[in-house]
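Undergrad:
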Amino acid sequence: MSSEYPSLFESCQPRDDVLDGSLQEEQFAAKLSTVVHNPEKAAPVYRDPDSFYDMTYPTEGLRTLLSNLTGRFLATTKYDPGSYTSSILCLDTRFGGGKTHDLIASYHLAENPVDIDDLSHYLLDGDEELAADYQDAVAEGLDIATGVFIGTKADSKDARHADDDPDAPNTRTMWGELAYQLYGLDGYEYLKDYDQDRDAPGEGTLSKLFAQHDQPALILIDEIADYMNKAAGTPVGDKTLADQTLSFVMALLEAAAESEHVTVVYSIADTAFGEQADRVRDGVRDHIEEVNEIGRRQHKTVTPTDENEIGQVLQHRLFSEVPENAAREAADSYFQFYDQEDRQYPQEATDAGYVDVLAREYPFHPSLIDALTDKIDTIPRFQRTRDALRLLARAVYYLWNHQPDSYDRHWIRIYDLTVADDDPGGGIQTILRERLFDFVDLGPAVTADIYDDDGTAHAQLEDRKWTENGLPPLGTHLTTTVLWHSLAYGEQAAGLTHADLNLAIGHPDLNFDDYDAALSALRGDDMDVACYFLYEEERLRFKQEPNLIRIIDQRIESTPEASAHSRFQNRLTSKEIGDGGFQPVEFPESPADLPDTPDTPKLAVMHPDTAAVEDGGDTPPNRVTQLYEQQAAKHEGETETRIYKNYALFLAPDADRMDAAIDEARRLEAIEALLDSPEQKADLSSEQIEELRERSDEAQLMLGELVRNVYRHLYYPDRDGLTHITIGATESNGGTTLVDAVQTTLEDKIVKRDAGARGSAHVQQKLWQQTQDAMSTEALVNQYAKKPGLDYLFSTKPIRETVSSLVSDHGYAYWDGESGTAYWVGTAEPETWPHPEPFAKSPDVETSIRDSDVQIGSAFVVYRDIDALVDDHLDEIDRPEQTVATCAECGAEVENPEGSEPYYCEEHQSDTTCSSCGKEVASEQLLDARGRCEECQPDESWEASKKMMSASRAFSEVRRDAESKAGTDRTPLLEEVTIQVGGDEPFQAAKFISQRPGFKAREDSVTVRMQYETRTDDGTYSAEFTGSPSRFRDVIDQPGSFGDDRETIQFRFQFDEPEPITDEGDDLLAALDNDLDAGNIDVRVEGRGPIQASSEVTV
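Read in order, the letters of the sequence shown correspond to residues 1 to 1099 in full-length UniProt numbering.
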């Protein structure tokens, strides 16, 4: 085989009217009625017999028709008609076009045979003598009578065809009009009554009419179904004009079958009047079956143009020269190319016979002809031969006037039907939009994806990548090819496979890989050029509705990354964080952004750019650690250690999961932008807009789920710092927020409203400040915020219940600072209660407590015991109402009793005496702590009390208070000192104090009192000691704790001779201050003593 590729432009020469674009629309629209009845209005190519035949390709069907007619015309002459005896010829156009063309050819053969040059070329092979005989007979005077009835020209009231014939009668029927055209007024007069009455003549009447005339007659009937449709609405007796017309056709065919010189050529096209066409077709078939064998031989069906001849018909009309050797070389070379190229092609292209197909269709590539005849011909308005001729004439014109210089052309291909030919006077795009898009409107696809005047269609953008490198416009080649294949009727026919595409575009000088790359870009690999309306399902095709997925993907590509991050953040903050017991703090960046307050636990939701977690999350991000450790009152202010660390929790995003969430956010941004764009929605159908809304809803849900799953790393405080835990995936329907998920994860560490009272052991071990006798309820609550590892207090109700339980069941006392009320449930009187009336009788004391009595605040204080409460608030607790005092011996009423009971009347006065002067007093209550009566008591004294604090500070402050009370000219004396030891280990601290020099030097004046008690809900253990320091040191071993411990250790110094407090610093307070200065010991100190003039003091 040859491997030459003949140049298309050098081998083939288009006809002049094609090349210069003067081939007018009217030359494609052949009208039989115009040629017959108004020839001056017909295009020259149809009006002039010689021009008509010159432009006509002699198909097998046309040659059969014309040979048969020529033989019939000679049947009554001296010339041999040959074997052509068929008097009834039916033009079957179901498999091809050319029907009108054949009717015009028949008319010219009958009316103007001498004007046809080389008539034998249009007859069957071997009929050269028949052609010559016919033309001789005509020259000798043979005249053919013609009658042409065209259904579209007549209607049910007026059947006249020649509008400008003044002699033409007002015919009303097909038979009346044919009689007049065949035989003039004489012929019409013969059938006038039948015509006017619309009563069809029978076969006998027609045979008599034909017998009156010796000349051959040709009857042409076209568009009969259209006429029958109109006639069906006109009643004739109990029938219709359509019924009468069908009867006439049957009679005509029967008469023609019996006549030697009458020939009928008719066509029954499948038009919009299919029902009437079927009626005629069935009637003819039934009639033929009813007549005898001779009659059946008289009927012949002719196909004007066979499927295999369409390319040659087009070639003949459009080209004046197509060398056969060029066709053969191109066919051989391309068949070899297909055989050697490692590509998939349709099965027929690999068959040996395909080389002949290539040669026959040249210069049109067979895939182009197949697309026109198999795909586009399925469109109802497309007339196979006529419209294919119209399209290809423009393709040839445009191609020859826009010859490419980047590669050689060998074939005319389907992509040469370019929509770039947008001439409004008949360009290819105009034909598409005005005729073919009525059925499948791909106009939006053309504008968006293939060709636009401003060069911004997606294929044009793709073309630039290739044309800039000296290659053809591959994008346009591909999209134009797919476009024409997409015009087919029916889902199974529309579009083409990759094998079909390879055959349509394959070129030996172009790389298939380049075409593949261009197609991938158009299908979405490059969103800048991705086609809106291009689909690839089972086949490549364009659709009327844009490819929604492609449009969304392209919009995604143009959506800025910043918009996606903003969408992600807005979704997170507006819907996904939520609220609850943990107070969310969005995106803290500096210590000042995360409040350091004890009111509620803070959940810091970290920004992805600041604290994204990688590598599993075991190590907290640096920003999380910083915020946990530090706090600040204001931005750029000085940072301090965070106080309420336990209430600082952190939720951080997973770096690996961010990409998916951002992608979905970007997708949602794109979809909503499409919905907000009137221009974009104008290209979408209502169904697609609804689908877009559904996709938006789905993307909303998906984004929410992805955002929640990004925030999966929780860091919460524990004793050793921050602990990491991964929270579980939240619900996909958005019912669970991030705060909800954190609360679920930490459920066991949350103290909710219904949690109930906490045990006393929990209070002592977890909440109580061991150096303190009292804590406000606010301080207790704040301990949950301060101490890492404690639970999270979502409600203060359990704390109020706890305080109530401590007071009711564990010996604690509670002071309401707002109302000045003490709550205490006990029996023993407070040691420091100075009144004879019971403490419980005071109007400021409640002996029971409810949860509702407890409030949270700094003014509401819980005490370890009642003594500590009384020490702090004795002055605020009113004395109980006094009762009548009676003598302890005789029971007589005692007026104005003093001190505490027992009381005595004057007769039974006590024999208690003053330790100083020996005077008898009524009771011990009248003596001071040293047993002195009022007269012997110093004129003035000092007293100081310090709450639990460091020993050095306590002794120093008591000493300063005494000196302050005395002033500059007097000296305070130390008569009594009480020291209560505090701290976490009071026994060890007390032992240490008892061994100090200042302590040992005064040991004889000291009494040690120790009380120890430990409790649980089901057991109590207690121990007491009262004695000297030396004995105390012998029994100092501390009992083991097994519950709620309460220890009280006191040293009480009572000096027989008060020690002066002077600048010498050798008093007890100064000595202990010095001894305990370096120790970490907390004590509570009370001191008292007289004040004397400095001159009276003996040092």
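For glycine and all other residues, C-beta sits at the position ideal for the given N, C-alpha and C.
Can you say whether P113 is buried or exposed, counting buried as having 16 or more other CB atoms within 10 angstroms of its CB?
TA: So P113 counts as buried.
Undergrad: Helix or strand or just coil, what does DSSP make of A673?
TA: DSSP places A673 in helix when its eight states are reduced to three.
Undergrad: May I ask which residues mark the beginning and end of the beta strand (DSSP E) holding G1087?
TA: Element bounds for G1087: D1082 to A1093.
Undergrad: What does a CB cutoff of less than 7 Å around T481 pick up in its chain, not counting 5 residues either side in sequence?
TA: Correct list, in chain order: I414, Y415, L501, A504 and I505.
Undergrad: Please state the DSSP three-state secondary structure of P6.
TA: Coil.
Undergrad: Give the DSSP-derived three-state secondary structure of A331 in the structure shown.
TA: Note: A331 maps to helix in three-state DSSP.
Undergrad: Return the bridge partner residues of S941 from the DSSP annotation.
TA: Answer is P1090.
Undergrad: What are the complete beta strand (DSSP E) segments, minimum 3 residues, inside the stretch 545-588?
TA: For the stretch 545-588, whole beta strand (DSSP E) runs of length 3 or above, ordered along the chain, are 583-586.
Undergrad: Using alpha carbons as the reference points, say which of Q743, L109 and G475 lies closest to F512.
TA: F512 has its Cα closest to that of G475, out of Q743, L109 and G475.
Undergrad: Measuring only the C-alpha atoms, how far is G728 from T802?
TA: Cα-Cα distance, rounded: 34 Å.
Undergrad: Terminal residues of the continuous beta strand (DSSP E) containing T263?
TA: Here the beta strand (DSSP E) through T263 covers V262 to S267.
Undergrad: What is the residue span of the alpha helix (DSSP H) that A989 lies within?
TA: Looking at the DSSP string, the run of the alpha helix (DSSP H) that includes A989 is P986 to S994.
Undergrad: Among the candidates D102, T456, V36 and L103, whose CA atom is the shortest distance from the CA of R160?
TA: When only C-alpha atoms are compared, the closest one is V36.
Undergrad: Could you give the DSSP three-state label for D632: helix, strand or coil?
TA: It is worth fixing the name first, because residue 632 is Ala in this sequence and not Asp. A632 falls in the strand class under three-state DSSP.
Undergrad: Name the DSSP beta bridge partners of Q968, please?
TA: It should be noted that the sequence gives Thr, not Gln, for residue 968. T968 is not bridged to any residue.
Undergrad: T456 to G425, Cα distance in whole Å?
TA: Near 24 Å, if we compare the C-alpha coordinates of G425 and T456.
Undergrad: Can you tell me whether A517 is helix, strand or coil according to DSSP?
TA: Here A517 sits in helix by DSSP.
Undergrad: Can you tell me which of the three DSSP states G524 falls into?
TA: Helix.
Undergrad: In whole angstroms, what separates the C-alpha of D17 from that of R435?
TA: Spanning the two alpha carbons is a distance of roughly 23 Å.
Undergrad: With a threshold of 8 Å, are at least 3 pairs of Cβ atoms found where one atom belongs to the stretch 989-998 and the other to the stretch 966-978?
TA: Segments in contact, no.
Undergrad: Here's the rule: buried if 16 or more other CB atoms are within 10 angstroms of the residue's CB, otherwise exposed. What is H485?
TA: H485 comes out buried.
Undergrad: Helix, strand or coil: which one does DSSP assign to D654?
TA: In the structure shown, D654 sits in a strand (DSSP, three-state: E or B).
Undergrad: Touching or not, the stretch 590-607 and the stretch 692-709, by the rule of three or more beta carbon pairs under 8 Å?
TA: Flag = no, the stretch 590-607 and the stretch 692-709 do not touch.
Undergrad: Does the contact criterion of 3 or more C-beta pairs under 8 Å hold for the stretch 69-83 versus the stretch 325-340?
TA: In short, these stretches do not touch, since the Cβ pair count stays below three.
Undergrad: Please report the distance separating the alpha-carbon of Q765 from that of L627.
TA: Cα-Cα distance, rounded: 28 Å.
Undergrad: Could you check whether the stretch 305-312 touches the stretch 52-72, counting it as contact only if at least three pairs of C-beta atoms, one from each stretch, sit closer than 8 Å?
TA: Yes: the two stretches touch, three or more of their Cβ pairs being nearer than 8 Å.
Undergrad: Taking the Cβ atom as the reference point for each residue, do residue 1101 and H498 lie within a distance shorter than 9 Å?
TA: The displayed coordinates of the chain run from 1 to 1099. Any statement about residue 1101 would go beyond what the structure contains.
Undergrad: With distance defined between alpha-carbon atoms, name the residue in E943, T913 and K602 nearest to R960.
TA: Nearest of E943, T913 and K602 to R960, Cα basis: E943.
Undergrad: Measuring CA to CA, which of S247, E669, S1005 and E361 is closest to S558?
TA: It is E669 whose Cα lies nearest to the Cα of S558.
Undergrad: Alpha carbon to alpha carbon, how far is A604 from G637? Give it in angstroms, no decimals.
TA: Roughly 20 Å separates the two Cα atoms.
Undergrad: What are the boundary residues of the beta strand (DSSP E) that K78 is part of?
TA: From DSSP, K78 is part of no beta strand (DSSP E); its letter is neither H nor E.
Undergrad: How is Y338 classed by DSSP in three states: helix, strand or coil?
TA: Residue state, collapsed to three classes: helix.
Undergrad: For the alpha helix (DSSP H) holding Y53, just list the boundary residues, first then last.
TA: Run containing Y53: P49 to D54, per the alpha helix (DSSP H) assignment.
Undergrad: Which class does F1053 belong to by DSSP, given the choice of helix, strand or coil?
TA: Reduced to three states, the DSSP call for F1053 is strand.
Undergrad: Please classify Y644: does DSSP put it in a helix, a strand, or coil?
TA: It is coil, neither helix nor strand.
Undergrad: Counting C-beta neighbours from all protein chains within 10 Å, is the total for G237 16 or more, i.e. buried, or is it exposed?
TA: Burial call: exposed.
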